[in-house]
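Data first, discussion second: the structure below is written as structure tokens.
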Amino acid sequence: MTPLTTLTQHSTESPSQRNQAGEGNKWHPNWKGESQIVLMKETIMNQEKLAKLQAQVRIGGKGTARRKKKVVHRTATADDKKLQFSLKKLGLNNISGIEEVNMFTNQGTVIHFNNPKVQASLAANTFTITGHAETKQLTEMLPSILNQLGADSLTSLRRLVEALPKQSVDGKAPLATGEDDDDEVPDLVENFDEASKNEAN
Numbered sequence: 001m002t003p004l005t006t007l008t009q010h011s012t013e014s015p016s017q018r019n020q021a022g023e024g025n026k027w028h029p030n031w032k033g034e035s036q037i038v039l040m041k042e043t044i045m046n047q048e049k050l051a052k053l054q055a056q057v058r059i060g061g062k063g064t065a066r067r068k069k070k071v072v073h074r075t076a077t078a079d080d081k082k083l084q085f086s087l088k089k090l091g092l093n094n095i096s097g098i099e100e101v102n103m104f105t106n107q108g109t110v111i112h113f114n115n116p117k118v119q120a121s122l123a124a125n126t127f128t129i130t131g132h133a134e135t136k137q138l139t140e141m142l143p144s145i146l147n148q149l150g151a152d153s154l155t156s157l158r159r160l161v162e163a164l165p166k167q168s169v170d171g172k173a174p175l176a177t178g179e180d181d182d183d184e185v186p187d188l189v190e191n192f193d194e195a196s197k198n199e200a201n
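As structure tokens, then:
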């Protein structure tokens with residue numbers, strides 16, 4: 001409970017002058033009269049009002065948050081609609097016939113879009129690519145991506161090729177050769193009939 005503030009009334013008259021006027025203890029410096037009772041009633045009422053307001057704010061019952069305002073979570077679809085509306089203002093046109101988009105990064109990775117929706121506005125100098133993006137290593141996309149590589153990507157590819165023999169020397173990864181002897185049928189060297197006769201004896 002909060003401490004009560006009390007009001008005391010002080011007079012400039014001397015105690016003898018006050019007693020002569022018939023006021024007695026009413027003007028005594030330590031007198032606490034009606035003003036203290038009024039303050040006590042106000043504090044009790046204020047505490048009741050406060051408890052009532054707190055009870056109104058609580059939504060779910062005891063132990064829940066005291067929020068009256070419900071937080072609305074924004075969904076990605078709402079953001080997507082706003083973005084599409086802004087792009088529509090710029091006057092973007094759809095470009096059809098694009099099967100894939102590859103963006104090369106400085107770290108040697110490729111951001112790959114398969115069958116994206118591509119829009120462009122030359123007047124606004126704006127191009128948009130919408131679709132599912134995958135981040136892949138440059139080595140994963142190598143056979144089909146060679147004709148798309150620029151000068152920067154070719155230098156990073158050379159660095160990767162130079163790093164491969166170093167890894168094979170360290171024993172981390174064996175170096176793959178172009179010739180595989182496993183593809184051909186091996187030559188018949190022994191006679192299996194003699195081997196089966198030897199096992200039977």
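The numbering of the sequence shown is the UniProt record's numbering, which starts it at 1 and goes up by one.
Every residue, glycine too, gets a C-beta built ideally from N, C-alpha and C.
Fair warning: this is a prediction, and the values are worked out from it, not measured in the lab.
- A check of alpha carbon separations from leucine 142 across Ala51, Leu87, Lys81, Leu157 identifies Leu157 as the nearest.
- In the structure shown, alanine 120 falls within a strand segment according to DSSP collapsed to helix, strand and coil.
- In this structure, the beta-carbon distance from valine 110 to leucine 138 falls below 7 angstroms.
- In the three-state reduction of the DSSP assignment, isoleucine 98 falls in the coil class, being assigned neither a helical nor a strand state.
- Taking a 10 Å sphere around the C-beta of isoleucine 145, we find 16 or more other C-beta atoms and assign the residue as buried.
- Sequence-distant partners of alanine 124 (beyond 5 residues in either direction) whose C-beta falls short of 6 angstroms from its own C-beta, in its chain, are Leu90.
- A contact between stretches requires three or more CB pairs, one per stretch, nearer than 8 angstroms, and the segment 110 to 120 meets this requirement with the segment 90 to 100.
- Bounds of the alpha helix (DSSP H) holding glutamate 199 are 192 to 200.
- Residue pairing by DSSP puts glutamine 137 in a beta bridge opposite Thr109.
- Each residue's CA atom was taken as its position, placing phenylalanine 113 and threonine 130 some 8 angstroms apart.
- In the DSSP annotation of this structure, threonine 77 is not part of any beta strand (DSSP E); the continuous alpha helix (DSSP H) holding it starts and ends at 76 to 90.
- Taking asparagine 106 as reference, the option from Leu50, Arg159, Glu184, Lys197 with the minimal CA-CA separation is Arg159.
- Annotation for threonine 126: the continuous beta strand (DSSP E) segment containing it runs 126 to 130.
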